[in-house]
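Let me begin by presenting the structure, written as C-alpha coordinates, before commenting on it.
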Amino acid sequence: MEARHVHHDYYASLPDFDSRLKVSILGRLELDIEFPNIAERFAPYLGWLDHPEVMKIHFEDLVNDRAATLNRIIDHFLARVPLTTPRKRFSIRLSRPSTQANLRPSVQANRRMEKRFTSEHKKIFKDVAGDLLIRLGYEKDNNW
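If you're matching positions, the sequence shown starts at 0 in numbering that gives the first Met the number 0 and goes up one per residue.
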(Lines of atoms letter the chains of each structure in order from A and count residues from 1; the text may use other names and numbers.)
(Lines give C-alpha, C1' and ligand atoms only; values in the text may rest on other atoms or scores of the structure.)
Protein backbone atom coordinates (compact mmCIF):
# COMPACT_ATOMS: atom_id res chain seq x y z
CA MET A 1 0.00 0.00 0.00
CA GLU A 2 1.13 3.50 -0.83
CA ALA A 3 2.85 5.01 2.22
CA ARG A 4 0.80 8.22 1.91
CA HIS A 5 -2.50 6.32 1.91
CA VAL A 6 -4.74 7.38 4.78
CA HIS A 7 -4.96 3.78 6.05
CA HIS A 8 -1.30 2.84 5.54
CA ASP A 9 -0.31 2.93 9.20
CA TYR A 10 -3.32 0.85 10.20
CA TYR A 11 -2.58 -1.82 7.59
CA ALA A 12 1.08 -1.85 8.61
CA SER A 13 0.00 -2.46 12.21
CA LEU A 14 -1.89 -5.65 11.32
CA PRO A 15 -0.05 -8.90 12.01
CA ASP A 16 -0.30 -10.56 8.58
CA PHE A 17 -1.70 -10.64 5.06
CA ASP A 18 -4.77 -12.56 6.19
CA SER A 19 -5.78 -9.75 8.56
CA ARG A 20 -5.16 -7.09 5.91
CA LEU A 21 -7.23 -8.92 3.32
CA LYS A 22 -10.15 -9.35 5.73
CA VAL A 23 -10.12 -5.63 6.52
CA SER A 24 -10.01 -4.85 2.80
CA ILE A 25 -13.14 -6.94 2.30
CA LEU A 26 -15.04 -6.03 5.47
CA GLY A 27 -14.01 -2.40 5.85
CA ARG A 28 -13.75 -0.61 9.20
CA LEU A 29 -16.88 0.91 10.63
CA GLU A 30 -15.23 2.21 13.80
CA LEU A 31 -13.12 4.81 12.01
CA ASP A 32 -13.65 8.54 11.71
CA ILE A 33 -12.05 8.20 8.28
CA GLU A 34 -14.46 6.46 5.91
CA PHE A 35 -13.49 2.89 5.02
CA PRO A 36 -16.58 0.91 3.93
CA ASN A 37 -16.66 -2.73 2.91
CA ILE A 38 -15.79 -3.79 -0.64
CA ALA A 39 -19.42 -3.82 -1.84
CA GLU A 40 -20.05 -0.30 -0.55
CA ARG A 41 -16.83 0.96 -2.15
CA PHE A 42 -17.93 -0.35 -5.57
CA ALA A 43 -21.64 0.53 -5.26
CA PRO A 44 -21.38 4.12 -6.59
CA TYR A 45 -19.87 2.84 -9.85
CA LEU A 46 -21.93 -0.27 -10.59
CA GLY A 47 -24.66 1.73 -12.34
CA TRP A 48 -22.15 2.56 -15.06
CA LEU A 49 -22.24 -1.09 -16.15
CA ASP A 50 -25.81 -0.58 -17.36
CA HIS A 51 -25.01 2.31 -19.71
CA PRO A 52 -24.11 1.47 -23.32
CA GLU A 53 -22.04 4.64 -23.61
CA VAL A 54 -19.69 3.29 -20.94
CA MET A 55 -17.22 0.74 -22.25
CA LYS A 56 -16.43 -2.04 -19.86
CA ILE A 57 -12.83 -3.26 -19.84
CA HIS A 58 -10.62 -4.96 -17.31
CA PHE A 59 -7.16 -3.78 -16.40
CA GLU A 60 -5.96 -7.27 -17.28
CA ASP A 61 -7.27 -6.78 -20.85
CA LEU A 62 -4.83 -3.93 -21.32
CA VAL A 63 -1.97 -6.12 -20.15
CA ASN A 64 -2.83 -9.48 -21.72
CA ASP A 65 -4.21 -8.28 -25.08
CA ARG A 66 -3.35 -4.64 -25.27
CA ALA A 67 -3.64 -4.10 -29.02
CA ALA A 68 -7.11 -5.65 -29.23
CA THR A 69 -8.28 -3.75 -26.14
CA LEU A 70 -6.98 -0.43 -27.44
CA ASN A 71 -8.74 -1.09 -30.74
CA ARG A 72 -11.98 -1.80 -28.89
CA ILE A 73 -11.55 1.49 -27.01
CA ILE A 74 -10.91 3.37 -30.25
CA ASP A 75 -13.93 1.77 -31.94
CA HIS A 76 -16.15 2.58 -28.97
CA PHE A 77 -14.92 6.17 -28.91
CA LEU A 78 -15.14 6.75 -32.67
CA ALA A 79 -18.69 5.38 -32.77
CA ARG A 80 -19.66 8.24 -30.46
CA VAL A 81 -17.24 11.02 -31.42
CA PRO A 82 -16.45 11.14 -35.15
CA LEU A 83 -12.96 12.51 -35.83
CA THR A 84 -11.13 13.48 -38.96
CA THR A 85 -7.86 11.99 -37.71
CA PRO A 86 -7.02 8.79 -39.60
CA ARG A 87 -7.75 5.73 -37.45
CA LYS A 88 -4.26 4.29 -37.98
CA ARG A 89 -2.60 7.40 -36.56
CA PHE A 90 -4.99 7.38 -33.62
CA SER A 91 -4.13 3.73 -32.88
CA ILE A 92 -0.38 4.33 -32.98
CA ARG A 93 -0.57 7.21 -30.53
CA LEU A 94 -2.66 5.23 -28.07
CA SER A 95 -0.44 2.18 -28.17
CA ARG A 96 2.56 3.79 -26.47
CA PRO A 97 1.56 4.72 -22.92
CA SER A 98 4.36 5.72 -20.59
CA THR A 99 3.07 3.34 -17.91
CA GLN A 100 3.67 0.17 -19.91
CA ALA A 101 6.55 -0.92 -17.69
CA ASN A 102 4.30 -0.75 -14.64
CA LEU A 103 1.60 -3.07 -15.97
CA ARG A 104 3.25 -6.47 -15.74
CA PRO A 105 4.20 -6.33 -12.03
CA SER A 106 0.59 -5.42 -11.16
CA VAL A 107 -0.77 -8.44 -13.01
CA GLN A 108 1.76 -10.70 -11.32
CA ALA A 109 0.70 -9.28 -7.95
CA ASN A 110 -2.96 -9.97 -8.81
CA ARG A 111 -2.14 -13.59 -9.64
CA ARG A 112 -0.34 -14.01 -6.32
CA MET A 113 -3.36 -12.47 -4.60
CA GLU A 114 -5.73 -14.98 -6.22
CA LYS A 115 -3.65 -17.82 -4.81
CA ARG A 116 -3.79 -16.32 -1.32
CA PHE A 117 -7.60 -16.09 -1.23
CA THR A 118 -8.52 -18.90 1.17
CA SER A 119 -11.95 -20.51 1.40
CA GLU A 120 -12.61 -18.26 4.42
CA HIS A 121 -11.74 -15.13 2.40
CA LYS A 122 -14.02 -16.30 -0.41
CA LYS A 123 -16.90 -16.86 2.00
CA ILE A 124 -16.41 -13.44 3.61
CA PHE A 125 -16.21 -11.78 0.20
CA LYS A 126 -19.37 -13.53 -1.05
CA ASP A 127 -21.24 -12.69 2.18
CA VAL A 128 -20.28 -9.02 1.94
CA ALA A 129 -20.27 -8.41 -1.81
CA GLY A 130 -22.58 -11.07 -3.21
CA ASP A 131 -22.26 -11.24 -6.98
CA LEU A 132 -19.86 -8.30 -7.35
CA LEU A 133 -17.22 -10.32 -9.23
CA ILE A 134 -19.90 -11.66 -11.57
CA ARG A 135 -21.25 -8.17 -12.29
CA LEU A 136 -17.73 -6.95 -12.97
CA GLY A 137 -17.15 -9.83 -15.39
CA TYR A 138 -14.42 -11.57 -13.41
CA GLU A 139 -16.47 -14.67 -12.60
CA LYS A 140 -19.29 -16.54 -14.38
CA ASP A 141 -21.08 -17.71 -11.22
CA ASN A 142 -20.61 -17.98 -7.46
CA ASN A 143 -18.58 -21.18 -7.69
CA TRP A 144 -15.20 -19.45 -7.58
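Every residue, glycine too, gets a C-beta built ideally from N, C-alpha and C.
Nearest neighbour of residue i, chosen from the options [CA to CA]
i	options	result
residue 48	21, 131, 121	131
residue 124	73, 51, 17, 75	17
residue 60	72, 31, 50	72
residue 126	24, 77, 67	24
residue 33	137, 134, 4	4
residue 31	9, 15, 51	9
residue 121	13, 7, 2, 20	20
residue 79	52, 1, 116	52
residue 50	137, 75, 87	75
residue 118	138, 2, 143	143
residue 136	56, 1, 13, 14	56
residue 70	43, 29, 86	86
Span of the alpha helix (DSSP H), counted from its first residue to its last, around residue i
i	result
residue 121	118 to 128
residue 75	65 to 79
residue 42	37 to 45
residue 5	Segment: none, residue 5 is in no alpha helix (DSSP H) and carries neither H nor E.
residue 134	131 to 134
residue 21	16 to 25
7 angstroms CB neighbourhood of residue i in its chain, flanking five on each side removed
i	result
residue 41	131
residue 134	45, 48
residue 67	none
Cβ shell of residue i (< 8 angstroms), same chain only, five flanking positions each side left out
i	result
residue 129	38
residue 115	16, 20
residue 83	none
Residues near residue i by beta carbon distance below 6 angstroms, same chain, minus five either side
i	result
residue 36	25, 26, 127
residue 54	75
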